[in-house]
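Student: Just passing along the structure, written as structure tokens.
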Amino acid sequence: MKKNPVVAVVGATGAVGREMLDTLVRRNFPHAEVRALASSRSAGTKVEFGSKKLTVQELTEDSFNGVDLALFSAGGSTSEKFAPCAVKAGCVVVDNSSAWRMDPNVPLVVPEVNPDDLSWHKGIIANPNCSTIQMVVVLKPLHDAARIKRVVVSTYQAVSGTGQKAIVELENQVRQLFNGQEPTNSVYPHRIAFNCLPQIDVFLDNEYTKEEMKMVLETKKIMGDDSIRVTATTVRVPVFYGHSESVNIETEKKITAREARVILAQAPGVRVFDNPGEKIYPMPIVAAGEDDTFVGRIREDESIENGLNMFIVADNIRKGAALNAVQIAEVLLERNLLRVS
Ligand code: NAP
Ligand code: 3JM
Numbered sequence: 012m013k014k015n016p017v018v019a020v021v022g023a024t025g026a027v028g029r030e031m032l033d034t035l036v037r038r039n040f041p042h043a044e045v046r047a048l049a050s051s052r053s054a055g056t057k058v059e060f061g062s063k064k065l066t067v068q069e070l071t072e073d074s075f076n077g078v079d080l081a082l083f084s085a086g087g088s089t090s091e092k093f094a095p096c097a098v099k100a101g102c103v104v105v106d107n108s109s110a111w112r113m114d115p116n117v118p119l120v121v122p123e124v125n126p127d128d129l130s131w132h133k134g135i136i137a138n139p140n141c142s143t144i145q146m147v148v149v150l151k152p153l154h155d156a157a158r159i160k161r162v163v164v165s166t167y168q169a170v171s172g173t174g175q176k177a178i179v180e181l182e183n184q185v186r187q188l189f190n191g192q193e194p195t196n197s198v199y200p201h202r203i204a205f206n207c208l209p210q211i212d213v214f215l216d217n218e219y220t221k222e223e224m225k226m227v228l229e230t231k232k233i234m235g236d237d238s239i240r241v242t243a244t245t246v247r248v249p250v251f252y253g254h255s256e257s258v259n260i261e262t263e264k265k266i267t268a269r270e271a272r273v274i275l276a277q278a279p280g281v282r283v284f285d286n287p288g289e290k291i292y293p294m295p296i297v298a299a300g301e302d303d304t305f306v307g308r309i310r311e312d313e314s315i316e317n318g319l320n321m322f323i324v325a326d327n328i329r330k331g332a333a334l335n336a337v338q339i340a341e342v343l344l345e346r347n348l349l350r351v352s
């Protein structure tokens with residue numbers, strides 16, 4: 012593509028959509044025009060785009076005429092319905108929902124890990140789940156060095172992962188509790204303030220949640236290795252921004268904690284934040300508002316022959332969603348892949 016692309020942000024009024032617009036500005040993404048799309052509820056309202064304001068338009072089947080690139084973050088059902096319309100109109104879609112992630116015709120991409128999968132896209136590219144993204148940027152270099160056989164992960168996920176309404180629910184509950192009132196909930200099945208919920212997304216027939224199975228299946232697809240065994244427990248915690256993960260890996264080859272730190276220090280998008288003597292380790296308050304994925308508490312698992320434990324934290328709205336999507340768009344542009352073949 013020689014001219015700058017016309018870009019549409021679908022879900023532009025949401026937690027991820029607003030960050031998409033900010034990320035396009037911050038990274039100076041080349042564009043001829045940017046359109047902000049959302050539901051009829053917010054049509055006519057304004058969203059910020061750098062120093063400008065964009066008027067939100069209602070998403071319809073005709074929204075993609077003349078659009079080259081659409082960044083979707085308006086939920087799975089909107090993606091299922093409208094991403095094919097966008098592709099039909101000649102637009103390349105980067106979709107943030109889980110709707111297309113496991114479709115064998117759709118690449119699932121983290122640019123630091125598997126950018127070459129973009130070459131076979133057929134119009135839709137899926138952005139992985141937030142918890143999966145931050146885990147694989149750290150696991151890939153370790154896998155290349157020592158081959159990971161098994162991963163055991165437990166997550167501590169921020170409410171912003173659920174969207175704007177969940178951010179407001181946590182704020183309200185904290186205020187209600189401090190005022191001696193009974194907290195009310197509508198987004199989560201239980202109180203989230205001063206609590207932890209071991210349920211993210213719906214329960215499946217195997218008794219895991221859908222969020223847990225996203226981590227299992229997406230990790231294998233992105234790493235291009237079905238032999239890696241993954242098991243996950245995903246938990247929502249009363250944190251506004253930043254997902255945390257306790258990750259245990261078992262490797263084929265021995266790798267010391269010191270070697271892992273050296274490897275990860277050179278890994279793109281990863282910041283080793285690991286100095287226990289100085290009480291330096293990743294935390295949501297460290298990663299929020301940052302682009303990098305932070306890794307620390309790296310130590311050898313003394314219960315097995317070849318294993319490591321680590322703690323991984325990233326901004327779920329940035330690397331977990333908007334930033335990864337814009338990085339995908341940057342590679343598409345660089346490699347002249349912003350076209351539907
Ligand atoms: P949010 O704050 O609730 O925002 C939802 C956005 O979708 C709003 O802009 C809303 O527009 C729009 N929308 C909802 N229904 C629509 C419809 N029928 N037609 C057009 N627009 C519609 O949620 P969020 O946190 O930004 O997340 C949005 C989606 O992104 C999630 O559902 C999820 O699929 C995905 N996501 C992915 C990751 C990841 O891990 N990669 C992380 C977070 C979210 P209105 O203002 O008009 O209601
Ligand atoms: C719907 O933190 C989270 O809840 C995960 C983000 C998310 C997703 C996702 O990306 O998997 C929130 C709501 C979805 C989805 O599309 O399934």
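Quick note, the sequence shown lines up with residues 12 to 352 if you use the numbering used here.
Even for Gly, the Cβ is constructed at its ideal location relative to N, Cα and C.
#1: Could you tell me which of Thr-56, Lys-92, Phe-60 sits nearest to Thr-71, measuring between CA atoms?
#2: Quick check: what's the CA-CA separation for Thr-245 versus Glu-182?
#3: Do the segment 107-117 and the segment 133-140 touch if we need at least three Cβ pairs shorter than 8 Å?
#4: Check whether the segment 92-103 and the segment 215-232 are in contact - that is, three or more C-beta pairs closer than 8 Å.
#5: Does the count of Cβ pairs from the segment 279-288 and the segment 180-200 closer than 8 Å reach three?
#6: Do the segment 35-52 and the segment 334-342 touch if we need at least three Cβ pairs shorter than 8 Å?
#7: Give the C-beta separation of Ala-156 and Ile-260 to the nearest angstrom, bearing in mind that I take them to be a contact with Cβ-Cβ under 8 Å.
#8: Should Ser-108 be listed as close to the ligand 3JM, given that the test is whether its C-beta is under 7 Å from any heavy atom?
#9: Among residues of its own chain, excluding the 5 on either side of Val-185, which ones have a beta-carbon nearer than 6 Å to its beta-carbon?
#10: For the beta strand (DSSP E) containing Ala-49, name the first residue and the last one.
#11: Does the distance from the CB of Asn-140 to the CB of Met-234 come in under 8 Å?
#12: For the ligand 3JM, is there any heavy atom lying closer than 7 Å to the beta carbon of Glu-222?
#13: Over what stretch of residues does the beta strand (DSSP E) that includes Glu-355 continue unbroken?
#14: With DSSP as the reference, label Ala-110 as helix, strand or coil.
#15: Return the CA-CA distance between Ser-130 and Asp-237, expressed in angstroms with no decimal places.
#16: Is it true that the CB of Ala-23 sits closer than 8 Å to the CB of Leu-153?
#17: What residue range does the beta strand (DSSP E) around Ile-135 cover?
#18: Just curious, the beta strand (DSSP E) that Ile-159 is in, first and last residue?
#19: Report the rounded CA-to-CA distance for Glu-229 versus Asp-212, giving the unit in angstroms.
#20: Give the secondary structure of Ile-266 by DSSP, where H, G and I count as helix, E and B as strand, and everything else as coil.
#21: Under 7 Å: does the beta carbon of Arg-52 sit that close to some heavy atom of the ligand NAP?
#22: Could you check whether Phe-284 and Ile-6 sit closer than 8 Å to each other, using their CB atoms as the reference points?
#23: Alpha carbon to alpha carbon, what distance is there between Val-18 and Asn-347?
#24: Assuming Glu-59 and Leu-35 are in contact, meaning their beta carbons sit under 8 Å apart, how far apart are those beta carbons, in whole angstroms?
#25: Using only CA atoms, which one of Glu-123, Val-258, Lys-14, Pro-118 lies nearest to Gly-77?
#26: Pick from Pro-200, Gln-210, Val-179, Pro-287: whose alpha carbon is nearest that of Ser-165?
Tutor: The short version:
#1: Sequence index remark: in the sequence shown, residue 71 carries index 60 (1-based). Closest by alpha carbon: Lys-92.
#2: Start at 1 with the first residue of the sequence shown, and residue 245 comes out as number 234. Start at 1 with the first residue of the sequence shown, and residue 182 comes out as number 171. Approximately 22 Å between the Cα atoms of the pair.
#3: yes
#4: no
#5: no
#6: yes
#7: The count along the sequence shown starts at 1 and reaches residue 156 at position 145. The count along the sequence shown starts at 1 and reaches residue 260 at position 249. Their Cβ separation, rounded to whole angstroms, is 11 Å, which puts Ala-156 and Ile-260 out of contact at 8 Å.
#8: Residue 108 sits at position 97 when you count from the first residue of the sequence shown. The answer is yes for Ser-108.
#9: Position 174 of the sequence shown, counting from 1, holds the residue named residue 185. For Val-185, where only same-chain residues beyond five positions count, the Cβ hits under 6 Å are Ala-204.
#10: Translated into positions along the sequence shown, residue 49 becomes position 38. Segment 44-49, the beta strand (DSSP E) holding Ala-49.
#11: As a working note, residue 140 is residue 129 in the sequence shown. As a working note, residue 234 is residue 223 in the sequence shown. Contact flag unset, no.
#12: What you label residue 222 is simply residue 211 of the sequence shown in a count that begins at 1. Checking every heavy atom of the ligand 3JM against the Cβ of Glu-222, one is found closer than 7 Å.
#13: Any property of residue 355 remains undetermined from this structure, which presents the chain solely from 12 to 352.
#14: Along the sequence shown, read from residue 1 onward, the residue named residue 110 stands at position 99. In this structure, Ala-110 counts as coil in the three-state DSSP scheme.
#15: Against the sequence shown, residue 130 aligns to sequence position 119. Against the sequence shown, residue 237 aligns to sequence position 226. The straight-line gap from Cα to Cα measures roughly 21 Å.
#16: Here the question's residue 153 lines up with position 142 in the sequence shown. Here the question's residue 23 lines up with position 12 in the sequence shown. The answer is no: Cβ separation not under 8 Å.
#17: As a first step, residue 135 must be located in the sequence shown, where it is residue number 124. Segment 135-137, the beta strand (DSSP E) holding Ile-135.
#18: Taking the sequence shown and counting its residues from 1, one reaches residue 159 at position 148. Start and end: 159-167.
#19: Here residue 229 refers to the residue found at position 218 when the sequence shown is read from its first residue. Here residue 212 refers to the residue found at position 201 when the sequence shown is read from its first residue. In a straight line, the C-alpha of Glu-229 is about 16 Å away from that of Asp-212.
#20: Translated into positions along the sequence shown, residue 266 becomes position 255. Here Ile-266 sits in coil by DSSP.
#21: Position 41 of the sequence shown, counted from the first residue, corresponds to residue 52. True, at least one ligand heavy atom lies under 7 Å from that Cβ.
#22: Beyond the ends of the chain as shown, which are 12 and 352, falls residue 6; an answer cannot be given.
#23: The count along the sequence shown starts at 1 and reaches residue 347 at position 336. The count along the sequence shown starts at 1 and reaches residue 18 at position 7. Their backbone Cα atoms lie some 16 Å apart in a straight line.
#24: As a working mapping, residue 59 is identified with position 48 in the sequence shown. As a working mapping, residue 35 is identified with position 24 in the sequence shown. The pair is not a contact, with the Cβ atoms about 12 Å apart (cut-off 8 Å).
#25: Stepping through the sequence shown from its first residue, residue 77 is reached at position 66. Ranking Glu-123, Val-258, Lys-14, Pro-118 by Cα distance to Gly-77 puts Lys-14 first.
#26: Against the sequence shown, residue 165 aligns to sequence position 154. The residue with the shortest Cα to Cα distance from Ser-165 is Gln-210.
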